[in-house]
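Here is the structure we will look at.
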Amino acid sequence: MKKADISTAIFLLLVCGYVFYEAGSWPRLPDLGDPAWIPRGVAACLLVASLILLVRALRGRALMLPSRLEGKDRSRVLWVAAITMGYVVGMNYLGFIASTVPYLTGFGIALGERRWMRLVLFALVVPLTIYLVFEATLKVPLPRGLVR
Amino acid sequence: MVDLNLLLQGFGTVLYGYNLIALVLGSFFGIIIGAIPGLTATMGIALLVPFTFGMTPITGIVMLLGIYTGAIYGGGIASILIKTPGTPAAAATVFDGYPMAQKGQAGKAIGIATISSGVGGTFTAICLAFFAPILAKFALRFSAPEYFALACFGLSVTITLSGRSPVKGFISGALGLLISMVGLDPMGGFQRFTFGFPELTGGLSFVPMLIGLFALSEGFRQVEVVLTAPRVSAILKNIIPTAKDLKQCVPAYIRACFIGLIVGITPAIGADTAAFLSYAETKRASKHPEKFGTGVPEGVAAAQCGENASTGGDVLPMITLGIPGDAATAVLMGALTIHNLQPGPMLFLNHPEVVHQIFSGMIAANVIFVILGLLFARFFAQVINIDRKYLVPLIFICCLVGSYAINNVMYDLVTCAVFGFIGYMMLRYDFPVAPMVLAQILGGMMESNFRRSLAMSQGDIMIFLTRPITVVILVLAAFTTIMAIRRQRQALKMEEALGRQKADSR
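In the order they appear, the protein sequences are chains A and B.
Heads up, the first sequence is in our numbering, so the first residue is 844 and it goes up one at a time.
Heads up, the second sequence is in our numbering, so the first residue is 36 and it goes up one at a time.
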């Protein structure tokens with residue numbers, strides 16, 4: 844947790860610096876006050892909190908994590924994050940159904956499902972059901988892509 | 036005071052046609068979400084908000100109220116059957132619920148839990164209907180300085196949602212405030228923090244961000260534990276409690292209803308505190324306190340009643356002042372806003388019929404989940420055994436598709452996915468997510484009313500210290516913050532002391 848707290852604190856200090864810098868470039872409006880007050884005030888408070896976090900971490904007083912993520916659990920989470928981002932990008936080009944079927948298949952494999960018939964059925968039924976619920980019932984269009 | 040005619044008309048509206056179907060479906064799904072450990076009421080509401088878009092405002096709102104109340108109740112089912120609370124609020128139900136299940140009384144425990152939740156929730160929903168108009172009428176006197184102070188008070192609540200570290204909670208809240216400033220300046224109209232992206236001109240999409248932070252992030256957490264989820268093996272018999280069982284729980288109901296109401300109205304304390312306090316008081320007042328923890332019905336009754344009794348109180352500040360009291364009401368508030376209903380005193384003035392429909396919906400939701408809970412107890416018990424390898428991907432799909440469905444733009448999908456991962460990383464490294472969302476809601480209110488106040492006073496900051504209501508609210512905000520920090524420091528010290536004890540005893 845110490846490394847995470849230090850990295851987070853440094854990142855937040857950079858964010859504070861950016862906020863101070865950008866807020867200074869905003870136009871001041873007559874009779875409406877300085878628009879930089881609130882953002883700079885928040886950034887100042889964030890700066891103090893980040894410094895407290897950094898100092899505590901450097902002094903070894905960072906809180907212990909409730910649990911560590913290691914080995915297969917970690918790989919599983921990273922794999923799911925990667926295929927989710929791929930799904931988000933892919934849906935734009937392939938459309939909802941064509942991207943969701945392989946996504947659900949990959950997701951199921953990542954979670955250790957090896958009953959292939961069940962997995963394939965799940966990967967086909969779910970997107971079709973969601974498509975029917977949104978398009979036919981709620982009249983909310985979903986991305987089309989290749990399947991029209 | 037409550038307009039009884041409007042309230043009765045409200046019942047006529049919510050208990051008819053699509054509204055009734057939405058209410059029943061909402062309660063049904065809410066119980067399922069609550070029953071599955073790891074899925075929270077907040078997550079359930081966030082997940083199902085997009086499904087309400089195609090509905091009329093009141094249909095959508097009653098569905099979400101059904102989810103909210105049903106999920107809070109549903110958490111007790113897992114507490115009783117597998118000693119794992121379905122929602123954090125149901126932790127106190129474990130003390131006597133699980134021992135009852137071990138004695139072969141799982142059905143009786145669930146029956147008592149169901150009715151107890153209904154009693155508590157209905158009581159405070161009725162109180163909400165009576166007190167909310169009074170508070171809203173008082174709030175009509177508020178101007179920009181008072182609303183600024185209210186926003187500060189609401190932000191002080193975020194410190195209490197900080198979990199183990201007030202500093203991390205504060206950081207989460209401050210980031211939420213900065214996120215609320217992305218987009219156009221509310222008074223000057225120039226761009227702020229957009230980095231040249233035209234999509235950010237309108238700010239970050241709130242609902243996709245909400246779904247990502249509350250629902251998708253929990254989905255990632257479920258991916259961690261998918262292979263180790265506990266299973267239910269209990270057989271449920273004699274679910275409907277006898278009159279004798281219920282009669283012995285009446286003193287517990289009376290205590291829990293009032294404790295839950297007061298806790299719910301008080302910002303910074305939620306359903307879990309209401310449940311624990313109700314349980315502790317009932318045990319203290321019992322003639323046989325030594326029996327608590329061995330499987331006594333009053334223990335289950337007190338915890339569940341107190342838990343659901345806090346829901347009415349939690350909704351009160353949200354609907355009257357536009358200040359969410361906790362994460363779940365923050366999401367409810369977001370949902371109301373999407374349906375063009377801005378919570379606050381003006382809602383009572385401009386849409387009194389809608390307000391009374393919400394009151395009726397809240398009362399009806401508490402009755403409906405009791406009926407569903409008793410009728411389908413065995414089904415809900417089996418829901419806990421749903422294979423997580425299918426449930427978790429379904430959660431992800433609902434989150435992502437739901438986010439897209441709001442405005443039909445890919446940008447919202449990306450927002451949900453990105454904030455889902457950010458939310459997960461925040462949870463992993465002990466940064467609470469709720470303060471970020473609450474601050475995002477209140478940040479705009481705080482900033483615009485601060486600047487309006489200064490415009491009113493020609494730049495004189497003393498305007499915040501010369502108006503009595505503003506001063507009182509700001510003092511309350513400071514008091515809440517200090518008390519919350521003290522409470523968390525004490526809790527941390529106890530945690531450290533327990534840790535040292537355990538280390539010494541090895």
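Glycine residues also receive a C-beta, built at the ideal position from the N, C-alpha and C atoms.
Predicted model, so just to flag it, every value in this text is computed and none were measured.
Using DSSP with H/G/I as helix, E/B as strand and the rest coil, what is Leu356(B)? Residue mapping note: residue 356(B) aligns to position 321 of the second sequence, counting from 1. Here Leu356(B) sits in helix by DSSP.
Taking the alpha-carbon positions, what's the Met216(B) to Gln475(B) distance? Here residue 216(B) refers to the residue found at position 181 of the second sequence. Here residue 475(B) refers to the residue found at position 440 of the second sequence. Each residue's Cα considered, the two are about 9 Å apart.
Give the interface partners of Arg919(A) over in chain B, defined as CB-CB distance under 7 Å, in chain order. Taking the first sequence and counting its residues from 1, the one referred to as residue 919(A) is at position 76. Under the 7 Å cutoff, chain B gives Val258.
Got a sec? Which residues, its chain only, sit under 6 Å from Trp896(A) by beta carbon, not counting five neighbours each side? As a working mapping, residue 896(A) is identified with position 53 in the first sequence. According to the sequence shown, residue 896(A) is Leu rather than Trp. Excluding five sequence positions before and after Leu896(A), the CB atoms of its chain that fall closer than 6 Å to its own CB belong to Asp848 and Ala852, given in chain order.
Within 9 Å (strictly less), CB to CB, does Arg902(A) reach chain D? Within the model displayed, chain D is absent; protein chains A and B are what it includes.
Leaving out five residues before and five after Pro72(B) in sequence, what residues of the same chain have Cβ atoms less than 8 Å from its Cβ? Translated into the one-based positions of the second sequence, residue 72(B) becomes position 37. Sequence-distant Cβ neighbours of Pro72(B) in its own chain, meaning closer than 8 Å and more than five residues away, are Ala113, Ile117, Thr119, Pro120, Gly121, Ala264, Pro265 and Ile419.
What does a CB cutoff of less than 6 Å around Ser240(B) pick up in its chain, not counting 5 residues either side in sequence? Here residue 240(B) refers to the residue found at position 205 when the second sequence is read from its first residue. Excluding residues within five positions, the ones whose Cβ falls inside 6 Å are Asp447 and Thr450.
Are any of the Cβ atoms in chain A nearer than 9 Å to that of Met445(B)? To locate residue 445(B), count along the second sequence from 1; it is residue 410. Put simply, the CB of Met445(B) is near chain A, with a gap under 9 Å to one of its CB atoms.
First through last residue of the alpha helix (DSSP H) which encompasses Ala141(B): In the second sequence, counting from the first residue as 1, residue 141(B) sits at position 106. That run of the alpha helix (DSSP H) goes Ala141 to Ala174.
Which residue spans inside the segment 273-311 of chain B form an unbroken beta strand (DSSP E) run of at least 3? Counting only unbroken stretches of 3 or more residues, no beta strand (DSSP E) element lies wholly within the segment 273-311 of chain B.
So which of Ala70(B), Val389(B) and Thr516(B) has the shortest CA-CA distance to Pro123(B)? Translated into positions along the second sequence, residue 123(B) becomes position 88. Of the candidates Ala70(B), Val389(B) and Thr516(B), Ala70(B) places its Cα closest to the Cα of Pro123(B).
Return the bridge partner residues of Arg542(B) from the DSSP annotation. In this structure chain B extends from 36 to 541, so residue 542(B) is not present and cannot be described.
Val449(B): contacting residues in chain A (beta-carbon distance under 7 Å): For this step, residue 449(B) is matched to residue 414 along the second sequence. Residues of chain A passing the Cβ test: Val931.
Name the residue from Ala309(B), Lys279(B), Val242(B) and Ile297(B) whose alpha carbon lies nearest to the alpha carbon of Thr128(B). One-based indexing of the second sequence puts residue 128(B) at position 93. Checking every option, the nearest Cα to that of Thr128(B) belongs to Ala309(B).
Reduced DSSP category for Ala886(A) - H, G, I as helix; E, B as strand; rest coil: Here residue 886(A) refers to the residue found at position 43 of the first sequence. In the three-state reduction of the DSSP assignment, Ala886(A) falls in the helix class.
Does Phe466(B) come out as helix, strand or coil in the three-state DSSP assignment? Position 431 of the second sequence holds residue 466(B). Looking at Phe466(B) - three-state DSSP - the assignment turns out to be coil, as it is neither helix nor strand.
Would you say Phe950(A) faces chain B, with C-beta separation under 9 Å as the test? Residue mapping note: residue 950(A) aligns to position 107 of the first sequence, counting from 1. For Phe950(A), at least one C-beta of chain B is nearer than 9 Å to its own C-beta.
Taking a contact to mean a Cβ-Cβ separation below 9 Å, would you say Cys292(B) touches Ala336(B) in this structure? By 1-based counting over the second sequence, the position of residue 292(B) is 257. By 1-based counting over the second sequence, the position of residue 336(B) is 301. Taking 9 Å as the Cβ cut-off, Cys292(B) and Ala336(B) do not qualify as a contacting pair.
Alpha carbons only, please: which of Asp422(B), Met445(B) and Ile496(B) is nearest the one belonging to Arg958(A)? The residue you call residue 958(A) lines up with position 115 of the first sequence. For Arg958(A), the nearest C-alpha among the options comes from Asp422(B).
Could you have a look at Arg991(A) and say whether DSSP puts it in helix, strand or coil? Position 148 of the first sequence holds residue 991(A). With a pLDDT of 49 at Arg991(A), under the threshold of 50, the predicted position of this residue should be treated as unreliable, though the coordinate-derived value follows. Three-state DSSP puts Arg991(A) in coil, outside helix and strand.
Taking Cβ-Cβ distances shorter than 7 Å, what residues in chain A pair up with Phe225(B)? Here residue 225(B) corresponds to residue number 190 of the second sequence, with the count starting at 1. Under the 7 Å cutoff, chain A gives Trp869 and Pro870.
Determine, for Cys187(B), whether the minimum Cβ-Cβ distance to residues of chain A falls below 9 Å. What you label residue 187(B) is simply residue 152 of the second sequence in a count that begins at 1. No, no contact with chain A.
As assigned by DSSP and simplified to three states, the class of Met497(B): To locate residue 497(B), count along the second sequence from 1; it is residue 462. If DSSP states are grouped into helix, strand and coil, Met497(B) belongs with coil.
Could you give the DSSP three-state label for Ala922(A): helix, strand or coil? Position 79 of the first sequence, counted from the first residue, corresponds to residue 922(A). In the sequence as displayed, the identity of residue 922(A) is Trp instead of Ala. Secondary structure of Trp922(A) (DSSP, three-state): helix.
Short of 8 Å Cβ to Cβ, which residues in the segment 201-229 of chain B face chain A? Residues Val202, Lys203, Phe205, Ile206, Ala209, Leu210, Leu212, Leu213, Met216, Asp220, Met222, Gly223, Phe225, Arg227 and Phe228.
In angstroms with no decimal places, state the Cα-to-Cα distance between Ala125(B) and Ile145(B). Your numbering for residue 125(B) matches position 90 in the second sequence. Your numbering for residue 145(B) matches position 110 in the second sequence. Roughly 12 Å separates the two Cα atoms.
If you draw a straight line from the C-alpha of Cys340(B) to the C-alpha of Met960(A), how long is it? In the second sequence, the residue the question calls residue 340(B) occupies position 305. In the first sequence, the residue the question calls residue 960(A) occupies position 117. The C-alpha of Cys340(B) lies about 45 Å from the C-alpha of Met960(A).
Comparing alpha-carbon positions, which option in Leu894(A), Trp869(A), Leu872(A) and Tyr864(A) lies nearest Phe854(A)? Numbered from 1 along the first sequence, position 11 holds the residue referred to as residue 854(A). It is Leu894(A).
Run down chain B in chain order and give the residues with a C-beta less than 8 Å from the C-beta of Ala925(A). As a working mapping, residue 925(A) is identified with position 82 in the first sequence. Within chain B, no residue has its CB atom less than 8 Å from the CB of Ala925(A), the nearest being about 10 Å off.
Met481(B) CB to nearest chain A CB: under 9 Å? For the purposes of this step, residue 481(B) is identified with residue 446 of the second sequence, where counting begins at 1. With 9 Å as the cut-off, Met481(B) counts as an interface residue toward chain A.
Who are the neighbours of Pro945(A) on chain B, taking C-beta pairs under 9 Å? In the first sequence, counting from the first residue as 1, residue 945(A) sits at position 102. Neighbours of Pro945(A) on chain B: none; closest Cβ ~12 Å, over 9 Å.
Tell me whether Thr119(B) sits in a helix, a strand or coil according to DSSP, three-state version. Residue 119(B) sits at position 84 when you count from the first residue of the second sequence. Note: Thr119(B) maps to coil in three-state DSSP.
Closer than 7 Å by beta-carbon distance: list the chain B residues that pair up with Ile973(A), in chain order. Position 130 of the first sequence, counted from the start, is the residue given in the question as residue 973(A). Within chain B, the residues near Ile973(A) are Ile432 and Val436.
For Ala320(B), count neighbouring Cβ atoms within 10 angstroms of its own Cβ and tell me buried if that reaches 16, exposed if not. Numbered from 1 along the second sequence, position 285 holds the residue referred to as residue 320(B). The residue is exposed, with fewer than 16 neighbouring Cβ atoms inside 10 Å.
Pull up the CB-CB distance for Leu163(B) and Leu351(B), whole angstroms please, since I reckon it's below 8 Å. Here residue 163(B) refers to the residue found at position 128 of the second sequence. Here residue 351(B) refers to the residue found at position 316 of the second sequence. Right, their Cβ atoms sit about 6 Å apart.
Do Ile115(B) and Ala160(B) have their C-beta atoms closer together than 9 Å? Position 80 of the second sequence, counted from the first residue, corresponds to residue 115(B). Position 125 of the second sequence, counted from the first residue, corresponds to residue 160(B). Contact flag unset, no.
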